[in-house]
Amino acid sequence: MENIIKKKIFLIVAIWIYWWTRLHNLEALAVFLDEAAHIWWARLVWEIQPFHAASDGRLFNIIWTSLFWPFNSSLWIARASTIMVTVIGFITTISIAYQLHSKQASIISGILYVLLPYISFFERMYLADPYMSTCSILLLWSSTKLSYKPYLLKNKIIVGMTIAAGMLSKISFVVFLPVPFIAAAILNRSDKKHFIASAHAYILGIILLTPVIIILKFIGNSDMGIDLLYKKTSIRPIDMWQQAITSAPILWNYFTTLFTPSVWYGGLILIPLAIWKHTRVSIYIGITILIGLVAVIITTNPGFLEARFILPYATQMVILMSMGIATAWKSWQSMTKNFNFLLVTIFGISLYPAYQFITISWNEPHQLQLPDRDKWEYVTGWPSGYGFQEIAKYYQQSPENILLITLDLGGQQRLNTYLPPNSPITPVWTPPDKLESYLNTINNKNYVIIIDSPKDNATVNELNINLSTILEFPRPNKGSSLIITKIQKKPY
Numbered sequence: 094m095e096n097i098i099k100k101k102i103f104l105i106v107a108i109w110i111y112w113w114t115r116l117h118n119l120e121a122l123a124v125f126l127d128e129a130a131h132i133w134w135a136r137l138v139w140e141i142q143p144f145h146a147a148s149d150g151r152l153f154n155i156i157w158t159s160l161f162w163p164f165n166s167s168l169w170i171a172r173a174s175t176i177m178v179t180v181i182g183f184i185t186t187i188s189i190a191y192q193l194h195s196k197q198a199s200i201i202s203g204i205l206y207v208l209l210p211y212i213s214f215f216e217r218m219y220l221a222d223p224y225m226s227t228c229s230i231l232l233l234w235s236s237t238k239l240s241y242k243p244y245l246l247k248n249k250i251i252v253g254m255t256i257a258a259g260m261l262s263k264i265s266f267v268v269f270l271p272v273p274f275i276a277a278a279i280l281n282r283s284d285k286k287h288f289i290a291s292a293h294a295y296i297l298g299i300i301l302l303t304p305v306i307i308i309l310k311f312i313g314n315s316d317m318g319i320d321l322l323y324k325k326t327s328i329r330p331i332d333m334w335q336q337a338i339t340s341a342p343i344l345w346n347y348f349t350t351l352f353t354p355s356v357w358y359g360g361l362i363l364i365p366l367a368i369w370k371h372t373r374v375s376i377y378i379g380i381t382i383l384i385g386l387v388a389v390i391i392t393t394n395p396g397f398l399e400a401r402f403i404l405p406y407a408t409q410m411v412i413l414m415s416m417g418i419a420t421a422w423k424s425w426q427s428m429t430k431n432f433n434f435l436l437v438t439i440f441g442i443s444l445y446p447a448y449q450f451i452t453i454s455w456n457e458p459h460q461l462q463l464p465d466r467d468k469w470e471y472v473t474g475w476p477s478g479y480g481f482q483e484i485a486k487y488y489q490q491s492p493e494n495i496l497l498i499t500l501d502l503g504g505q506q507r508l509n510t511y512l513p514p515n516s517p518i519t520p521v522w523t524p525p526d527k528l529e530s531y532l533n534t535i536n537n538k539n540y541v542i543i544i545d546s547p548k549d550n551a552t553v554n555e556l557n558i559n560l561s562t563i564l565e566f567p568r569p570n571k572g573s574s575l576i577i578t579k580i581q582k583k584p585y
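According to the working numbering, the sequence shown holds residues 94 to 585 in order.
What follows is the structure, given as structure tokens:
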């Protein structure tokens, strides 16, 4: 009884710490291009248009967030609703480490999960990837349960529901579909009844997905993200070899930077110890990671390889590393107290860069040490929301109605994220080649044109119009800027 109470107290404290690190100053990072699109789609659900996101191979996060009325404080609601889901992944990670290894591994996995930049950064954003990551951890956990007790109906139901939820979170979840069979093969020596139980779970997943697919295909006219998947990947042997050569160093850089070098290299060194002492469970998790990573490396066009796509494997790597660290700790526990204190000190020092990352993300996220591509996407480049946030705030202080005209839909969506419903400020977008004709239809309404420089510069130059600059909102590090302009009338 006392142990149960201690476990519950530990779990409650762990969840509280997790929520604190994730929810604190949640809107500090400006809205990213994809986040704004997802919020836009979540709002469209209320207009009985729920299928837009399915064409990008995702639906779960859109439908889920739409339940929370994403119109007022929409960025906070979208990100907080994501954390309501990812906390399940956090709890499940602790549970897997405890179930497959020890109490020490569960504590270490909880610490790593909370602090590691790879997980904390992306879980504080409204993207499909944290949802897929949570589903992948749930599938790992539920498949383990099923392999141990294949006769329990609830285990089959949980696995089947997780498969369905994962496929609706992101189409690339397909790489995790073999996990129940992997668990049956490795954890229970390929017993026939375990494979039959896994087959039952797959059948349930198919039953749950079939009506959704029919609705998406024949009512929503959606390809469910298949075209986008083909665009971002290639399975021609000649392409796969070249993609692997290019993608492997990119992935290594993502892991090294976002795990922090001290945790990444230290964790990798100790993983073989976990495999040696706990071979079966370590191989189970390791094969799951390897299948996914190899699939990503050899099939993904390097130009589309984002760090956030690897989030599920980062969370699974936390389990494997925590098992290695816990195995080392238990092996050295018989040493002197001074030696044990030294080990704890080294572990704490290795986590300090991760702690620094979290505190910076709360206050000055534009100062974060990110991989170059991520820095450009989320902070300095045109996909970033910096600049749009400041423009929305600036014009909301004006009593006049005004049109904020952008030259792409993403600009309108990012502005919309920061504006309350029924705002006198109206963001709109028009293709650059139709800008002048659009201005002729607005009946002398007050307007400004937002130019995203340098992205829009060449396009605007081709239009041969004379724009006068009113204001400029540079993004951090002046990597790009948003320029408020108006068409200057030609003198007669």
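Don't be surprised by glycine CBs; every beta carbon is placed ideally from N, CA and C.
No Cβ-Cβ contact shorter than 8 angstroms links valine 389 with alanine 447. For isoleucine 543, no alpha helix (DSSP H) segment is defined; the enclosing uninterrupted segment is the beta strand (DSSP E) at 540-546. Following the DSSP letters along the chain, one finds tryptophan 522 inside the beta strand (DSSP E) bounded by residues 518-522.
In this structure, isoleucine 391 and methionine 410 do not form a Cβ contact; the two beta carbons are roughly 19 angstroms apart against a cut-off of 8 angstroms.
Inter-segment contact for the region 119-133 and the region 478-493 is present: three or more beta-carbon pairs are separated by less than 8 angstroms.
For lysine 242, the secondary structure class from DSSP, reduced to helix, strand or coil, is coil. For lysine 579, the uninterrupted beta strand (DSSP E) segment begins and ends at 574-580.
In its chain, beyond the 5 residues on either side, Gly182, Leu404, Pro405 and Thr408 have a beta carbon closer than 7 angstroms to the beta carbon of serine 226. Counted as a single uninterrupted DSSP element, the beta strand (DSSP E) harbouring threonine 499 occupies residues 495-499. When C-alpha distances from tyrosine 511 are compared across Val124, Lys430 and Asn96, the shortest belongs to Val124. By alpha-carbon distance to serine 229, the top candidate from Ile251, Ile439 and Val472 is Ile251. Counting the other CB atoms within 10 Å of its CB gives serine 491 a total below 16, which places it among the exposed residues. Between the C-alpha atoms of lysine 263 and tyrosine 224 there is a straight-line separation of about 8 angstroms. Of the residues assessed, proline 243 falls on the buried side of the cut-off, its CB having 16 or more other CB atoms within 10 angstroms. For threonine 353, the closest alpha carbon among the candidates Ile563, Asn537, Ile212 and Ser188 is that of Ile212.
In the DSSP assignment, phenylalanine 566 falls within the unbroken beta strand (DSSP E) covering 560-567. Within the model, the alpha-carbon separation for proline 524 versus phenylalanine 214 is close to 33 angstroms. In the same chain as phenylalanine 348, and ignoring 5 residues on each side of it, the C-beta atoms closer than 7 angstroms to its own belong to Trp357, in chain order. Shown here for leucine 321: same chain residues with a beta carbon closer than 7 angstroms to its own, the five before and five after excluded, namely Asp149 and Gly150 in chain order. DSSP assignment within the region 383-438 yields no whole beta strand (DSSP E) run of 3 residues or more.
With fewer than 16 neighbouring CB atoms inside 10 Å of its own CB, threonine 438 falls in the exposed class. Only residues of its own chain outside the window of five on either side were considered, and among them Leu208 have a CB closer than 6 angstroms to the CB of leucine 444, listed in chain order. Our two residues, alanine 400 and aspartate 467, have alpha carbons roughly 7 angstroms apart in a direct line.
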